[in-house]
Structures are given as C-alpha cells and as structure tokens.
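Okay, structure first, notes after.
Residue numbers (our numbering): 1 to 248.
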C-alpha cells in the first residue's frame, strides 16, 4: 500500500477526504493528517509518505510554503483547493494535478490512478519548479510545463513561438529551435494560453502574437514567424485575426 498524508486546516475537510480515500482508493493508506504546514513538515519527515494531499490556503502558510521549506521532496503531491480560476490556470500551466472542493469522487480516483500507475510522476526539482511557477506572477517570468513522453519541460511562455496539431499530440516550437512533442492536444494549449496573447489562426495552428515577423496577403494570407516558419490563416478566422493583429 502507498502511504499518504492529508494536509488541510479544516477538520471536516480532512475527515471527508480520508473517508473517500478509504472507500474508493484502497491502494492508499492514510498514515496521518495535519492542519498546518508546521505539523505537516514534521509528519512528512517522520512518516515518509509517498503521496501528500495538500490544501493551498491555510493559516500560517500556504501549501506552496510547505514545499519550499522542505530540503528534499521524495513524494507526489495532489493539491486540493476551493474554486479559484487564477489558481486553476496556474495548475494547468504547471501540468499539476489538483482536486476542487467539494471533492468529486471520479476526479479523486483519476488523480490517484495517475500516480499509482506512474502515469504522472514528478521529481523533487520539478515540484520545486512548479512552486516557483505558481508564485511567479507575471507573464514575463511565467513558464509552461510541457508534458511529453520524456517528462516535463518548463518553458518560458515568451520563448514559445507556436504550437501545431499533430494528431492527438501537439508540436511546440521554441525560439531556440527546440521542438517538443507534447501529449496534450492543441485545444488544451489554446485553453491554457488564451490570456497570454496566443491566437488560434487555423485548426492546426496556435501562434504567439508577439513572435509574428510578417503578414503576407498572397495565397489567401499567411504569417511568417520570427523563425521563418510560414503559417496559413483560416479564412473564417482572418477578419478577427487582422483586428487582433492591429492591436499588437
């Protein structure tokens, strides 16, 4: 069985989650609960869990503060949070698992399965990077976690030129010439990057508006990106795109 710890400042939330885990996640064994980051730090060091369910907002410090306090992170984390669209977008940027309160049973089972099946495992340094990203604040230093078969690449958003659909996958093209094939589809990238000056100019293409080198009218209109990639523009998107382009 996998040892797990629950960290939440509200006893009712701790008790409810523990009951759900015992009923629907028999592969887990709850070895302790904590109501603040100080007690949680001691419990993690003494119990050595492999999984921590971590609330974000708690008196005396956040769940992120707890992770920053630890010298070594050798466990997986599932964040638990009340609905906050900004926090959720940050989770999506970091490709991190989270549960919304009140906890949905299917979401709980799915999140636990991803860990027990080793579908998604983070190294301690990756979790540290997630925390830095979550607390980063501005688009200038914000990073996007791109999940691939090799693991996670934390890429500064400003360095991402474009994303291109490749079947169920997405090819991410960076300023330095690197190309990463992500296991996420293009729609997921469009959702995450919708407020970061990215625009889906075509069914297969999502581009960073700040990396457009030139708009050419010939052949129905296409873009030349700063790396000289040529990207076609969908006719039904053309009018709206040109309005956006004039605002850049």
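For glycine and all other residues, C-beta sits at the position ideal for the given N, C-alpha and C.
Range covered by the beta strand (DSSP E) that runs through residue i
{"i": "residue 76", "result": "76–81"}
{"i": "residue 2", "result": "2–7"}
Under the three-state DSSP convention, the category residue i falls into
{"i": "residue 51", "result": "strand"}
{"i": "residue 33", "result": "strand"}
{"i": "residue 97", "result": "coil"}
{"i": "residue 44", "result": "helix"}
{"i": "residue 240", "result": "helix"}
{"i": "residue 245", "result": "helix"}
Classification of residue i by the beta-carbon crowding that lies within 10 angstroms, buried from 16 upward
{"i": "residue 63", "result": "buried"}
{"i": "residue 203", "result": "exposed"}
{"i": "residue 15", "result": "exposed"}
{"i": "residue 8", "result": "buried"}
Range of the contiguous alpha helix (DSSP H) that encloses residue i
{"i": "residue 250", "result": "In the structure as shown, the chain starts at 1 and stops at 248, and residue 250 therefore has no counterpart that could be examined."}
{"i": "residue 142", "result": "Per DSSP, residue 142 belongs to no alpha helix (DSSP H) and is neither H nor E."}
{"i": "residue 27", "result": "Note, residue 27: premise wrong, no alpha helix (DSSP H); not H, not E."}
{"i": "residue 124", "result": "124–134"}
{"i": "residue 66", "result": "63–69"}
Exercise for the section: Can you check the segment 157–183 for any beta strand (DSSP E) of at least 3 residues that lies completely inside it and give the ranges in chain order? Expected result: 160–166, 169–174 and 179–182
Exercise for the section: Could you tell me which uninterrupted beta strand (DSSP E) segments, each at least 3 residues in length, are contained entirely in the segment 184–229, listed from first to last along the chain? Expected result: 198–202, 205–208, 212–216 and 222–225
Exercise for the section: Could you say if the segment 182–198 and the segment 125–132 meet the contact criterion of at least three C-beta pairs nearer than 8 angstroms? Expected result: Two segments are said to touch when three or more pairs of C-beta atoms, one from each, lie closer than 8 angstroms; by this definition the segment 182–198 does not touch the segment 125–132.
Exercise for the section: Report yes or no: do the segment 36–44 and the segment 89–96 share at least 3 C-beta pairs separated by less than 8 angstroms? Expected result: no
Problem - Cβ pair count under 8 angstroms reaching 3, the segment 144–156 against the segment 211–225 - result: As far as the Cβ criterion goes, the segment 144–156 does not touch the segment 211–225, which means the pair count is below three.
Handout entry: Touch test, the segment 69–76 against the segment 103–110, Cβ-Cβ under 8 angstroms, three pairs minimum
Key = Touching, no.
Handout entry: Inter-stretch contact at 8 angstroms, needing at least 3 Cβ pairs: the segment 231–244 / the segment 175–185
Key = no
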